[in-house]
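S.K.:
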Amino acid sequence: MRSLCVILLFAQFSCSTSSQETIFEGQSALLFVEEQMAFGPRIPGSEESRKTAGWVVEQLESFGWETEVQHFSYLGTPLMNIIAKSEGVSESKPILIGAHYDTRPYADRDPIHPEAPVPGANDGASGVAVLIELAHVLDRDRLRQPVWLVFFDAEDSGNIDGWDWIVGSSFFADNLTQVLEAAVIVDMVGDRDLQLYIEKNSDPNLVQEIWELADQLGYPAFINTPKYSMIDDHSPFLRIGVPAVDIIDFDYLYWHTIDDTVDKVSAYSLEQVGRTLEHWLEN
Ligand SMILES: [Zn+2]
Numbered sequence: 087m088r089s090l091c092v093i094l095l096f097a098q099f100s101c102s103t104s105s106q107e108t109i110f111e112g113q114s115a116l117l118f119v120e121e122q123m124a125f126g127p128r129i130p131g132s133e134e135s136r137k138t139a140g141w142v143v144e145q146l147e148s149f150g151w152e153t154e155v156q157h158f159s160y161l162g163t164p165l166m167n168i169i170a171k172s173e174g175v176s177e178s179k180p181i182l183i184g185a186h187y188d189t190r191p192y193a194d195r196d197p198i199h200p201e202a203p204v205p206g207a208n209d210g211a212s213g214v215a216v217l218i219e220l221a222h223v224l225d226r227d228r229l230r231q232p233v234w235l236v237f238f239d240a241e242d243s244g245n246i247d248g249w250d251w252i253v254g255s256s257f258f259a260d261n262l263t264q265v266l267e268a269a270v271i272v273d274m275v276g277d278r279d280l281q282l283y284i285e286k287n288s289d290p291n292l293v294q295e296i297w298e299l300a301d302q303l304g305y306p307a308f309i310n311t312p313k314y315s316m317i318d319d320h321s322p323f324l325r326i327g328v329p330a331v332d333i334i335d336f337d338y339l340y341w342h343t344i345d346d347t348v349d350k351v352s353a354y355s356l357e358q359v360g361r362t363l364e365h366w367l368e369n
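Residues in the sequence shown are numbered consecutively from 87, following this note's numbering.
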């Protein structure tokens with residue numbers, strides 16, 4: 087009787103460990119977009135931004151990630167980057183996956199409401215949602231290297247009231263005390279009609295690895311053709327010599343308008359990006 091129990095317990099144990107294997111779900115990521123949208127625009131230094139940052143930390147910790155907040159200020163505005171690090175062997179260099187959580191204070195490409203804030207469903211919330219669903223599903227025992235999930239503040243206030251672009255990621259890169267293996271930025275990755283052309287400043291080897299993997303997985307959003315050159319959160323990493331890539335769809339009709347809303351975002355778009363990164367980090 088006793089040995090039967092042991093066998094049953096063992097069977098149950100093996101069964102429950104294999105069923106814990108989770109994969110990136112686009113629907114789950116879409117919910118994370120909606121939860122961010124409920125806070126309103128995430129303008130740097132605002133109450134909504136602080137609440138969103140608190141929510142990001144809560145999500146990360148609920149998925150078992152050690153989280154820290156990097157406080158700094160820019161032109162008198164208090165700002166925050168949020169950093170979650172996988173545990174494990176720290177001899178190998180970490181891979182950073184980053185996204186900006188702030189939204190642009192003015193929809194200055196909107197023909198009717200240029201003074202209104204950008205809602206930022208795609209430009210802001212989509213990248214954050216991919217990172218949080220990755221925090222949910224990444225199997226930290228299978229990571230090829232330590233992974234840092236980093237949420238940058240103040241990417242998107244450039245040319246407003248004397249602000250520069252990419253303020254949060256610049257502060258982060260300039261204050262790094264550890265050498266990174268690579269930095270992968272996701273920005274505007276939720277568009278229903280997702281077209282991820284190669285960003286021209288991105289590290290060619292990283293691009294090849296990621297676009298090839300997406301092709302093997304059968305994801306049509308990754309298009310193996312260079313198109314735009316961007317200043318984005320990958321730029322400060324390239325500047326300090328870290329190979330970096332910007333995964334971005336810059337053909338977005340609602341960019342910096344008040345119509346950057348959740349109905350423009352699709353679960354399948356988020357899923358193609360999330361699953362590609364999940365495979366890339368775990369294998
Ligand atoms: Zn933007």
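Yeah, the Cβ is synthetic: ideal placement off N, Cα and C, and Gly gets one too. Here the structure is a predicted model, which is why all the values come from computation and not from measurement.
Tell whether a beta-carbon distance below 7 Å holds between L282 and F258.
M.R.: no
S.K.: Kindly give me the distance between the Cβ atoms of R128 and D188, rounded to whole angstroms, as I take these residues to be in contact under 8 Å.
M.R.: That pair is a contact at about 5 Å.
S.K.: Would you give the residue range spanned by the alpha helix (DSSP H) that T362 belongs to?
M.R.: A353 to E368
S.K.: Can the beta-carbon of E152 be found less than 7 Å from the beta-carbon of I169?
M.R.: no
S.K.: Tell me whether I181 sits in a helix, a strand or coil according to DSSP, three-state version.
M.R.: strand
S.K.: Can you pull the DSSP bridge partners for E154?
M.R.: I169
S.K.: Any chance the stretch 266 to 281 sits against the stretch 320 to 339, with 3 or more Cβ pairs inside 8 Å?
M.R.: yes
S.K.: Run the CB neighbour count on Q302, radius 10 Å, all protein chains shown included, and call it buried at 16 or more, exposed below.
M.R.: exposed
S.K.: Who are the near neighbours of D345 in its chain, counting only those whose CB is closer than 6 Å to its CB and skipping five residues on each side?
M.R.: The beta carbon of D345 lies closer than 6 Å to none in the same chain, with the five residues before and after it left out.
S.K.: From E241 to N369, what does the alpha carbon distance come to, in whole angstroms?
M.R.: 30 Å
S.K.: Run through DSSP, which three-state label would L282 get?
M.R.: strand
S.K.: Which one or two residues does DSSP pair with I271 in a beta bridge?
M.R.: G184 and D332
S.K.: Below 8 Å, how does it come out for the stretch 207 to 225 and the stretch 112 to 122: are there three or more Cβ pairs, yes or no?
M.R.: yes
S.K.: Could you check the C-alpha separation between V92 and S172 for me, to the nearest Å?
M.R.: In this prediction, V92 has a pLDDT of 41, which is less than 50 and means its spatial position is unreliable; nothing more can be read from the coordinates.
S.K.: Does ligand 1 have a heavy atom nearer than 6 Å to the CB of D335?
M.R.: no
S.K.: Give the straight-line distance between the Cα atoms of M274 and I284, rounded to the nearest whole angstrom.
M.R.: Those two C-alpha atoms are separated by around 14 Å.
S.K.: Reducing DSSP to helix, strand and coil, say where K350 ends up.
M.R.: helix
S.K.: Pull up the distance between the alpha-carbon of G254 and that of R325, whole angstroms please.
M.R.: 15 Å
S.K.: Using a Cβ-Cβ cut-off of 7 Å (strictly less than) and excluding sequence neighbours within five positions of L229, which residues of its own chain qualify?
M.R.: S172, G174, L367 and E368
S.K.: Give me the Cα-Cα distance between L339 and V214, rounded to the nearest whole angstrom.
M.R.: 20 Å
S.K.: Taking all protein chains shown into account, do 16 or more other C-beta atoms lie within 10 angstroms of the C-beta of A124, making it buried, or fewer, making it exposed?
M.R.: exposed
S.K.: Could you tell me the distance, in whole angstroms, from the CA atom of T362 to the CA atom of W297?
M.R.: 9 Å
S.K.: Just to confirm, are L165 and P130 a CB contact at a threshold of 7 Å?
M.R.: yes
S.K.: Using the three-state DSSP reduction, which class does M87 fall into: helix, strand or coil?
M.R.: Confidence is the limiting factor: at M87 the pLDDT is only 41, short of 50, which leaves the residue's position unreliable, though a coordinate-based value still follows. In the structure shown, M87 sits in coil (DSSP, three-state: anything other than H, G, I, E or B).
S.K.: CB-CB under 6 Å to R226, same chain, minus the five flanking residues each way: which ones, in chain order?
M.R.: Excluding residues within five positions, the ones whose Cβ falls inside 6 Å are S172.
S.K.: Anyone know if the C-beta pair for Q122 and A211 falls short of 7 Å?
M.R.: For Q122 and A211, yes; Cβs fall inside 7 Å.
S.K.: Three-state secondary structure (DSSP) at W234?
M.R.: strand
S.K.: Which term fits H370, buried or exposed, when burial requires 16 or more other beta carbons within 10 angstroms of its beta carbon?
M.R.: The structure shown does not extend to residue 370, since the chain is modelled only from 87 to 369, so the question has no answer here.
S.K.: Can you find the residues in the same chain that come closer than 7 Å, C-beta to C-beta, to D250, ignoring five residues on each side of it along the sequence?
M.R.: G244
S.K.: Suppose you measure from the CA of D337 to the CA of T263; what does that come to, to the nearest Å?
M.R.: 36 Å
S.K.: Is the beta carbon of D242 within less than 6 Å of some heavy atom of ligand 1?
M.R.: Yes.
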